[in-house]
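**Q**
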Amino acid sequence: MEAIVAEGISKVFKLHVNPSQSMKERLVRLGRSQTREFIALQHMDLTVQSGETLGILGHNGSGKSTLLKCISGILKPTTGQIRLRGRIASLLELGAGFHPELTGRENVYINAAFLGISRQEIERRFDAIVDFAELDQFIDEPVKHYSSGMYVRLGFAVAINLDPDILLVDEVLAVGDEVFQMKCLDRVRQFQQEGRTILVVTHAADVVRQVCNRAIVLHHGEKVADGKPGDAIRIFREHLHGSLSDTAPADEGPLRITAVEVAGTRGGPQPGIESGDPLTVTVNFTADEPIEQPTVALSVVSPEGQTMYAADFDLGKTALPPGNHSVSVQFTEVPLLDGRYTLNSRVFDRLHTDSAATRAGRDQFTVLNPGIAHGVVSLRVGDVRILPAHDAPADIPPQASHPTDPKGI
Amino acid sequence: MGSAGGSSSELRIISARRSIPEHLREIWEFRELLGGLIRKELKVRYKNSVLGFAWSMAQPAFLLAVYTFVFSVLGQGFQRFSIWLLCGLIVWTLVSTTLVTAVQAITVNANLVGKVPFPRAVLPLSTFGSAFVHFLLQFATFMAIVAIARHPIDWAYVWMLPLAVLALSLLLAALALMLSVVNVYARDTQHLLELALIAMFWANPIIYEYQRAATWFSQHSLPTWLPLLNPFTAIVTTFQRAIYGASSVGDRQLLPDVGQWWYLRNIGIIGAVSLGLLALALWYFDRAESNLAEIL
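Top line first, the protein sequences correspond to chains D and L.
Going by this note's numbering, the first sequence opens with residue 12, and the numbers climb by one from there.
Going by this note's numbering, the second sequence opens with residue -13, and the numbers climb by one from there.
1. Got a sec? Which residues, its chain only, sit under 7 Å from D:S310 by beta carbon, not counting five neighbours each side?
2. Tell me, please, whether the stretch 239 to 246 of chain D touches the stretch 61 to 76 of chain D by the rule of three or more beta-carbon pairs shorter than 8 Å.
3. Got a sec, what are the start and stop residues for the alpha helix (DSSP H) D:V211 sits in?
4. Compile a chain-ordered list of the residues in the stretch 106 to 124 of chain D whose CB is closer than 8 Å to at least one CB of chain L.
5. Taking one C-beta from the stretch 75 to 86 of chain L and one from the stretch 131 to 147 of chain L each time, how about it: are there three or more such pairs within less than 8 Å?
6. If we define contact as Cβ-Cβ less than 8 Å, is D:C195 a contact residue for chain L?
7. Check whether the stretch 167 to 182 of chain D touches the stretch 136 to 155 of chain D, taking contact to mean three or more Cβ pairs, one atom from each stretch, closer than 8 Å.
8. Roughly how far, in whole angstroms, is the beta-carbon of L:Q124 from the beta-carbon of L:Q45, given that I think they are within contact range, below 8 Å?
9. Of all the options D:P333, D:P88, D:R248 and D:D174, which has the alpha carbon lying nearest to the alpha carbon of D:E303?
10. Give the DSSP bridge partners of D:T306, in chain order.
11. When the distance is taken between beta carbons, is L:I24 closer than 8 Å to L:S166?
12. Taking DSSP's pairing of strands, which residues face D:V311 in a bridge?
13. Identify each residue in the stretch 73 to 95 of chain D for which the Cβ-Cβ distance to at least one residue of chain L is less than 9 Å, and report them in chain order.
14. Once you ignore the five residues that flank D:L210 on each side, which residues in its own chain have a CB closer than 6 Å to its CB?
15. Counting only the same chain and skipping the five closest in sequence on each side, list residues whose C-beta sits under 7 Å from that of L:V89.
16. Going straight from the alpha carbon of D:A330 to that of D:V338, what length do you get?
17. My guess is that D:T77 and D:S21 are in contact by the Cβ rule of under 8 Å, so how many angstroms apart are they, rounded?
18. Just the chain D side, please: which residues come within less than 7 Å of L:F16 by C-beta, in chain order?
19. Under 8 Å between beta-carbons, which chain D residues line up against L:I184? List them in chain order, please.
20. Going by DSSP, what residue range makes up the beta strand (DSSP E) through L:N95?
21. Taking beta-carbon pairs under 8 Å, can you tell me which members of the stretch 101 to 118 of chain L lie near chain D?
22. Cβ of L:G38 less than 8 Å from any chain D Cβ?
23. To the nearest angstrom, how far is the alpha carbon of D:Q53 from that of D:K234?
24. Quick check: D:L95 and D:D181, are their CB atoms within less than 8 Å of each other?
25. Counting only runs that start and end within the stretch 64 to 127 of chain D, where is the alpha helix (DSSP H) found for 4 or more residues in a row?
26. Please classify L:G22: is it buried, with 16 or more other beta-carbons within 10 angstroms of its beta-carbon, or exposed?
27. Could you name the residues of chain L that D:F24 contacts, counting a contact when the two beta carbons are closer than 7 Å?
28. Suppose the cutoff is 6 Å on Cβ atoms and the five residues either side in sequence are ignored; what does the same chain contact list for L:Y196 look like?
29. How close, in whole Å, do the beta carbons of D:S389 and D:Y352 come, if the pair is a contact with beta carbons under 8 Å?
30. So who's on the other strand from D:I177, going by DSSP bridges?
31. So, are the CB atoms of D:I93 and D:A17 less than 8 Å apart?
32. Taking 8 Å as the CB-CB cut-off, is L:S276 touching chain D?
33. Specify the secondary structure class of L:S(-6) as computed by DSSP and reduced to three states.
34. Identify the residues that DSSP records as bridge partners of D:T369: which are they?
35. Going along chain L in order, which residues have a C-beta closer than 7 Å to the C-beta of D:R130?
36. Give me the residue from L:A91, L:I92 and L:Y53 with the minimum Cα distance to L:L75.
If you want it as structure tokens, here you go:
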């Protein structure tokens, strides 16, 4: 059964070229202010079956939040229609309806009323809400005395305890402390098991891989991918990187890196590999003077800016004559997990470190993880098995299972 | 995959337009929110005051005392002028409080409108609601004082008051809806309204008598129904006729010396026009609603 059917929805924003709200200027322009149109969603069709957990990926401005706001009813589509089955609760903005002067208890009632839920029903769930928010002692305090964490916890508790059939989540899983985050994620998983429909908007591919069973990718208001999370993530990365162009100036000096080639195992606009595949990096450079002790340094930086790997490779004591040279470094196994990594390279002379050529931030490769693991690095997995219980007699042979995907887990 | 709960069979449609009955049905579904917002507004207003709601009730009593004293000194010329005055003032307080709060109902809640889905019409309607609760409290106090003072009210007209209040409510709801939206597009509306309310106050026979205005109009060979174009006049005069209880004092004519039909007709016209206006307001509100979250 479909939970959400969106048919041909478009959303056009009218941007005021001169955003003045004054009547004086309107009178001058006879009531019409100059506007420019911005198309946030272009004739989109989307059907979500009940029980699905759909990830919506897209870079900033791709229309993913607009889509979610249309589904939640905050915005209305300019054209088209959305049909929803069941109660919808959104974790778009937690505690947005809270009034600081009112107590937690009073705010729970008002917050729930904003979600269209009757007083009776809230009374029934009140204890569960307070329990989940861990606010028993503070529920009759005005929320202006709450910490921001308590505020968000109460908002989350209201939204998630009101038995929604469709849950909309927009990046908010990243709020609160780690313990509460785990609790929220647990609750989302429980929702999945109960067969509810969940929509997650994010640009964190990890979250999509962790919780979704389907994902779509939005790009400039259009749906460019719809399918398995792994495939969607790959397309998302390609689109994201396609929209970036590198225009860093080339080095000028006696030693210049002319090009860096990264050869992966997968084709496409961006060199890529699957987790655990080999990767070959070739650094081409030009030297105007001889290099006595040539050295090539490579480093791999994660999207978060963390150096995952860095090393200098000495190329022996033989001096290189002036001219064009190429050095290739072969990594036999790259055990990184999902992400787009930046490769920085440097060529220099061990004896004359002042004449170094650096190329940073211009070469990238992507790693796609076909397995189920998430995190930073892929660990090799051996046996995974159930050990015999300590208090039971060990006459049952232990059942062993082997991972179907040795590089993923 | 199973469905979740009994409510999963209901199907809601979100599209750019909806009909007036659909709009009304949606507002009705959120009636608890309406009630909750009215309660919230009242609670917040008296949050840290000892007397709380008593303040709403103290106001008319205080006004009565002040006016009674002032006009016994000034000698305005007719008996119990303060009761006459209060009849109009109580109605006018409802009108001005509703409009002044409604015009900002959406703009001050910009945060909510951009982030939480609910029928936006609930916001201006709740400002009317809380003004109406005040009105009821003030009216009750006023009636209690009138009873204690043994002032003779005219029961032949009192039964019309609920009709007058109903017509006024329709009108105020329509105005509240429209003003709240217009103010989003042109923030000057709220300032313009303040001026308009001052003019409107004097366009109503609150301090002066209706008959004086009507006489002035006929002397200047203008039609005497002209002052009735102000929709609040019909409501104010009905209150005066019923609670002040007479159409003349001494040899002074306060209200036209006509029967109940005149008041009923006026209320009927206002009610019918307001109903049309409310339909128009709902239609306009619906058209504008889809853009509110973007503009704010």
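By construction, the Cβ of each residue, glycine as well, lies at the ideal position given by its N, Cα and C atoms.
**A** On the basis of the supplied data:
1. T318, Y320, A321 and N355
2. yes
3. It is not in any alpha helix (DSSP H) - D:V211 instead sits in the beta strand (DSSP E) that spans T208 to T213.
4. A107, G108, H110, E112, L113, E117, Y120, I121 and A124
5. no
6. no
7. yes
8. 6 Å
9. D:P333
10. D:D325 and D:F359
11. no
12. D:Y320 and D:L354
13. K80, C81, I82, S83, G84, I85, L86, K87, P88, T89, T90, G91, Q92, I93, R94 and L95
14. L65 and L179
15. L165, S166, N169, T175, Q176 and L179
16. 14 Å
17. Actually they are not in contact, since the Cβ atoms of D:T77 and D:S21 sit about 10 Å apart, beyond 8 Å.
18. G127
19. Neighbours of L:I184 on chain D: none; closest Cβ ~19 Å, over 8 Å.
20. Unbroken run through L:N95: none, as it is neither H nor E.
21. K101, V102, P103 and F104
22. no
23. 9 Å
24. no
25. 75 to 83 and 115 to 125
26. buried
27. E280
28. T223 and L241
29. That belief does not hold up - the Cβ atoms of D:S389 and D:Y352 are roughly 13 Å apart, past 8 Å.
30. D:I99 and D:T208
31. yes
32. yes
33. Note on L:S(-6): pLDDT 41, under 50, position unreliable in the model; no value is reported.
34. D:R357
35. E18
36. L:Y53
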